[in-house]
Every structure is written in C-alpha cells, then in structure tokens.
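Note that my numbering numbers the sequence shown so that position 102 is 763, with each residue one more than the last. Glycine included, every Cβ here is placed at the ideal spot set by N, Cα and C. Okay, structure first, notes after.
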Amino acid sequence: MVKRFVVWMFVMFTVTACLPQTLPHPWQKKNVTTVVQVKRAGADAARYLVQKHGGRLNDETIQNYLDSLVRRLATYEGYRNQDWQVLVVNDPACDLLAVPGQTVLVYRGFLAAVDSEQELAAALGHAMAHLALDHLARSATEEAFEQPITTTAGNDSTVIRGQQLADYMLQHHYSFEEETQAQALWQQQVGPMGQAAVLSAALCRDGWIERHPNGSATVLPVLPPPPEPLSAVSFDDMHNVLMALVPGYVVFEQGVEQERLDHFPQAIGLYLQAATQSPDQSQILTGLGLAYLKVGELNSAKHHLQRAVRLDGGYYRSRLGLGYVALQLEQFGLAEKELRASQALLPTVQGSYLLAELYQRQGDWQQAEPLFQQVVDGDPHGRLGKAARRALQQRQ
C-alpha cells in the first residue's frame, strides 16, 4: 500500500506532470475556423493559461488599479463599446498576452519589471490595439487549428479549442505590418505624441517583447493618462503591494527548483520561508502542501492545501492536491468535492483518474467506468492509462 501510494503520488504531482495530457485525432479540412470562433475560444484559452501558469494573483489593490487603468484606456474611440478584461497571472515570467475576446493577461513578472504607469499603459494600450484589430484572431484562423485536434480527459471540444489557441498564442509573433497597424491605431487614440523610448531594459529581454518586433525599437507612444478620481488606486500603490510580495516569491521559485531536483526537504524549508515572507499566498501554500504530500506527510499536506483553497479556490492544482489527500485519508465526500472542482477549473487526466478511483472504491461503477475510459483515451501509453485499462479489464 505504501509503495502504491508513493508511485501514484509522483505520477500525479511532479512539478511538470500536473498539466493536461492530450490525445491526437486526425484533423479534417472541413473544420473551418472563423474569427468569431477564435474569439469564443479566447475565454477558454485565458482560463487554460491562467491555470497552467500558477493561477491568478488575487490582490484587491493590484486588480483594482489594473481595472481602472484599462477603463481609462477604453475611453479612447478605437476601444469603446468592448468588454475589456485584465487578469493577473501569478507567474514570474515577464509577459503580457492579448487573448482574443478582449482579455489581457498580465504576468506578475511583467508588473514587477515596469517602471511607471506610462510604460505599463503603453504596453497595455498596444495589446488592446492588437485585439481591437483582430490580429491574433485572424492569424489563428489560418494556422492555429490546422493541426491535429487534441482532446482533454473529458473530451470537451471547447477546452480543446481553447488549449490549442493558448499554445498558438505562446508561439505567435506579430508581423511588422501588424505592429505598424497597432502603433498607428494607438497613436491615433492618444494624439500626435510622436515616438518615445518608454520601455525599460527589463521588458526588452524576453517574453512579451519577443512577440513584438517593433518593441525592440522602442516605438510605443507614451500615454497621457486621463484624469482619475482622487480615490483611485495609484501606480505606486499597486507597485508597492507587488514588490512587497517579490521576496517571498523569489524564495518560492528557489523551492520549485529544489523540488525539480527531488530535494524535497530543502524545497519544504524554502516554501516555509517563502510563506513567512509572503503570507497568505495560495500558490506558495499549494507548493508547500504538495511537497509535504511527496514525503508522505498527509496531515501537513492537507493543512496547507486547505489553507490554499480557502484563500483562493480558483487554482486547479491546490484542489486536485487536496482531493488526492482526502482520497488517501478515505474522506470521500471531501475528495469528490475537491476533485470535481479541480476538473471544472481545468480538466486533466489526473483528475479523471482520481475520480474514477474514488467511485471504484465506493463500488459505483456506473460513474467509475466512463472516467477510466477517459483516462485510457487521454493517456493510452502512460502509467495512468495502463492502470485505467487494467481496472476496466478486471471489471469485465
């Protein structure tokens, strides 16, 4: 029993394994993708990217500031009458992604790298220009889905399209023509400001800047910020809150590296230090709980994962981990609740397998059998797929 627990624990919760596993299906040319379809897939692409890259950074001050800034940018003629949304991704990458459907994903590392509101507004406005002009949506109709269609554990076609679009976005580079068009629209909105070197060196190294060829020439115009209410959160307010979190997350990333090397005691020590420096951060507590799980300390794992879920129930990895712990402790009600919540956030082969095992233990084959079959389809040659196939064969 102990050996089986250890084997499955590493299959489920290695640092890199807890992502959706997929199964190729033949692509058919009759499946034509339109700009409207790409925009509809944008919400699922944003959800997939947020979950894949650490969940949302849920801080009221940071979110209120970005919402306010985007509302101010949306007052310009080219951006009006559109439902803009900005989400902060809890990841150290220096990146900002424009997602079809008028969503902008701003990464924690990007916010830490910007020097001023002008710089941030210039980058946000430029991304909004690309979205207003449907640049990525149009290019995705030609390239993104002309690949083998993939399936999630739940065979959810909406998630399939969203995941494909997300993968395409991470590889996409805007053309010089698209950059020029976006720059022209942006300059048209803010007035004849000319060109200004508003990008800091930190933004010019990798991530976001690589997808914007004109960005390296520092051709984004400066935004003259419109007047704002005195009660609004300022850039300095936002940046001070963010920078107060940085030391803890630096230590957290060191823990992640130790975990990748299977140095679990060292990783736990670093996660504990990170949780002290940046308390009440769901991602840090999730990492700590999963590290305790890997050394077999189920009660400590449950404690920290429950804290993570209470702080932010919107990250699939914390809920998947808590569901796994509850299953091992035979707390089946809690296990089902957390595993289903995890699957709702991001369907994974791991989540389907754990739910199938839960129902198998309870003798409910009506629910277990289709879930095991999903795992076989989603991971036919992997350890989980083989285990699911054995379970189905034993049932026959």
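On the DSSP letters alone, give me the boundaries of the alpha helix (DSSP H) that Gln927 sits inside. Position 266 of the sequence shown holds residue 927. Where Gln927 is concerned, the enclosing alpha helix (DSSP H) stretches over Phe925 to Gln938.
Have a look at the DSSP bridge pairing and note the partners of Leu758. Residue numbering aside, residue 758 sits at position 97 when the sequence shown is read from its first letter. Answer is Leu766, bridged to Leu758.
So, Val750 versus Gly715, is the Cβ gap smaller than 8 Å? For the purposes of this step, residue 750 is taken as the residue at position 89 of the sequence shown. For the purposes of this step, residue 715 is taken as the residue at position 54 of the sequence shown. Against a cut-off of 8 Å, the Cβ pair of Gly715 and Val750 comes out as a contact.
Candidates Gln934, Met789, Leu758 and Arg822, of which the one nearest Val711 by Cα: Translated into the one-based positions of the sequence shown, residue 711 becomes position 50. Taking only the C-alpha atoms, the option nearest Val711 is Leu758.
How big is the Cα-Cα spacing for Asp897 and Arg733? Along the sequence shown, one-based indexing puts residue 897 at 236. Along the sequence shown, one-based indexing puts residue 733 at 72. Rounded to the nearest angstrom, the two C-alpha atoms are 17 Å apart.
Can you have a look at Pro753 and say buried or exposed, based on whether 16 or more other CB atoms are within 10 angstroms of its CB? Reading the sequence shown from its first residue, position 92 is the one you call residue 753. In the assembly as shown, Pro753 is a buried residue. Its beta-carbon has 16 or more other beta-carbons within 10 Å.
Quick check on the DSSP output: the beta strand (DSSP E) that includes Gln746 runs from which residue to which? The sequence position of residue 746 within the sequence shown is 85, counting from 1. Note, Gln746: beta strand (DSSP E), Gln746 to Val750.
What's the C-alpha gap between Gln746 and Val765? Your numbering for residue 746 matches position 85 in the sequence shown. Your numbering for residue 765 matches position 104 in the sequence shown. Spanning the two alpha carbons is a distance of roughly 6 Å.
Near Arg1022, which residues of its chain fall below 6 Å by C-beta distance, leaving aside the five closest residues on each side in sequence? For the purposes of this step, residue 1022 is identified with residue 361 of the sequence shown, where counting begins at 1. Correct list: empty, nothing qualifies.
Less than 7 Å between the CB of Gln1054 and some heavy atom of the ligand PLP, yes or no? The ligand PLP is not part of this structure, which contains no ligands at all.
Do Gln942 and Gly909 come within 8 Å of each other at the CB atom, strictly closer than that value? The residue labelled residue 909 in the question sits at position 248 within the sequence shown. The residue labelled residue 942 in the question sits at position 281 within the sequence shown. Yes, they are a contact pair.
Where does Arg741 fall in DSSP's three states? Mapped onto the sequence shown, residue 741 falls at position 80. Of the three classes helix, strand and coil, the one that applies to Arg741 here is coil, per DSSP.
What does the Cβ neighbour count give for His834, buried or exposed, with the cut at 16 atoms within 10 Å? As a position in the sequence shown, residue 834 is number 173, starting the count at 1. Counting Cβ neighbours within 10 Å, His834 comes out exposed, since fewer than 16 surround it.
Apart from the five residues just before and just after Met899, which ones in its own chain have a Cβ nearer than 7 Å to its Cβ? The residue given as residue 899 occupies position 238 in the sequence shown. Answer for Met899: Thr722, Ile723 and Tyr726, listed in chain order.
Closer than 6 Å by C-beta to Arg822: which residues in its own chain qualify, once you throw out the five before and the five after it? Chain order, please. Within the sequence shown, the letter at position 161 stands for residue 822. Cβ neighbours of Arg822 beyond the five flanking positions: Ala702.
Going by DSSP, what residue range makes up the alpha helix (DSSP H) through Tyr976? Taking the sequence shown and counting its residues from 1, one reaches residue 976 at position 315. Element bounds for Tyr976: n/a, residue is neither H nor E.
How many angstroms separate the CA atom of Gln1035 from the CA atom of Gln844? Residue mapping note: residue 1035 aligns to position 374 of the sequence shown, counting from 1. Residue mapping note: residue 844 aligns to position 183 of the sequence shown, counting from 1. Roughly 46 Å separates the two Cα atoms.
Rounded to whole angstroms, what's the CA-CA distance from Arg799 to Val696? Just pull it up for me. Position 138 of the sequence shown, counting from 1, holds the residue named residue 799. Position 35 of the sequence shown, counting from 1, holds the residue named residue 696. Cα to Cα, Arg799 sits roughly 6 Å from Val696.
From what residue to what residue does the alpha helix (DSSP H) around Thr722 run? If you number the sequence shown from 1, residue 722 lands on position 61. Glu721 to Leu734 is the span of the alpha helix (DSSP H), which, as asked, contains Thr722.
Burial state of Leu922, where buried means 16 or more other Cβ atoms lie within 10 Å: The count along the sequence shown starts at 1 and reaches residue 922 at position 261. So Leu922 counts as exposed.
Same chain, Cβ closer than 6 Å to Leu1000, five either side skipped, listed in chain order: Here residue 1000 refers to the residue found at position 339 when the sequence shown is read from its first residue. Gly984, Gly1012, Leu1015 and Leu1016.
For Leu797, which residues in the same chain have their Cβ closer than 7 Å to its Cβ, ignoring the five residues on either side in sequence? In the sequence shown, residue 797 corresponds to position 136, counting from 1. In the same chain as Leu797, and ignoring 5 residues on each side of it, the C-beta atoms closer than 7 Å to its own belong to Ala759, Pro761, His791, Met830 and His833, in chain order.
Give the single residue among Val907, Ser729 and Gln763 whose Cα lies nearest to the Cα of Leu718. Residue numbering aside, residue 718 sits at position 57 when the sequence shown is read from its first letter. Ranking Val907, Ser729 and Gln763 by Cα distance to Leu718 puts Val907 first.
On the premise that Ala1049 lies in contact with Val1037, defined as a C-beta separation below 8 Å, what is that separation, rounded to the nearest angstrom? By 1-based counting over the sequence shown, the position of residue 1037 is 376. By 1-based counting over the sequence shown, the position of residue 1049 is 388. Here Val1037 really is in contact with Ala1049; their C-beta atoms are around 5 Å apart, less than 8 Å.
Quick check for students: name the residue ranges of the alpha helix (DSSP H) that lie wholly in the region 986-1025, counting only runs of 4 or more. Those alpha helix (DSSP H) runs which fall completely within the region 986-1025 and span 4+ residues are 993-1006 and 1010-1022.
Buried or exposed by the 16-neighbour rule on C-beta atoms within 10 Å, applied to Ala987: Here residue 987 refers to the residue found at position 326 of the sequence shown. Classification of Ala987: buried, given that the 10 Å Cβ count is 16 or more.
Do the region 971-980 and the region 918-938 meet, that is, are 3 or more Cβ pairs less than 8 Å apart? Counting Cβ pairs under 8 Å, fewer than three are found: no touch.
Out of Ala793, Leu730, Gln824 and Glu780, point me to the one whose CA is closest to Asp705's CA. Taking the first residue of the sequence shown as 1, we reach residue 705 at position 44. Closest by alpha carbon: Gln824.
Are the CB atoms of Ala969 and Gly950 within a distance shorter than 8 Å? Locating residue 950 in the sequence shown gives position 289, counting from the first residue. Locating residue 969 in the sequence shown gives position 308, counting from the first residue. Against a cut-off of 8 Å, the Cβ pair of Ala969 and Gly950 comes out as a contact.
Rounded straight-line distance, which links the Cα of Leu954 to that of Val1010: In the sequence shown, the residue the question calls residue 1010 occupies position 349. In the sequence shown, the residue the question calls residue 954 occupies position 293. Approximately 19 Å, taken between the alpha carbons.
Does the beta-carbon of Pro991 have 16 or more other beta-carbons within 10 angstroms, so that it is buried, or is it exposed? Position 330 of the sequence shown, counted from the start, is the residue given in the question as residue 991. Per the sequence shown, residue 991 should be read as Glu rather than Pro. Per the 10 Å Cβ criterion, exposed.
Considering only their Cβ atoms, is the gap separating Tyr977 from Leu1006 smaller than 8 Å? To locate residue 1006, count along the sequence shown from 1; it is residue 345. To locate residue 977, count along the sequence shown from 1; it is residue 316. Contact: yes.
Please classify Val775 as buried or exposed, where buried requires at least 16 neighbouring CB atoms within 10 angstroms. Mapped onto the sequence shown, residue 775 falls at position 114. Per the 10 Å Cβ criterion, buried.
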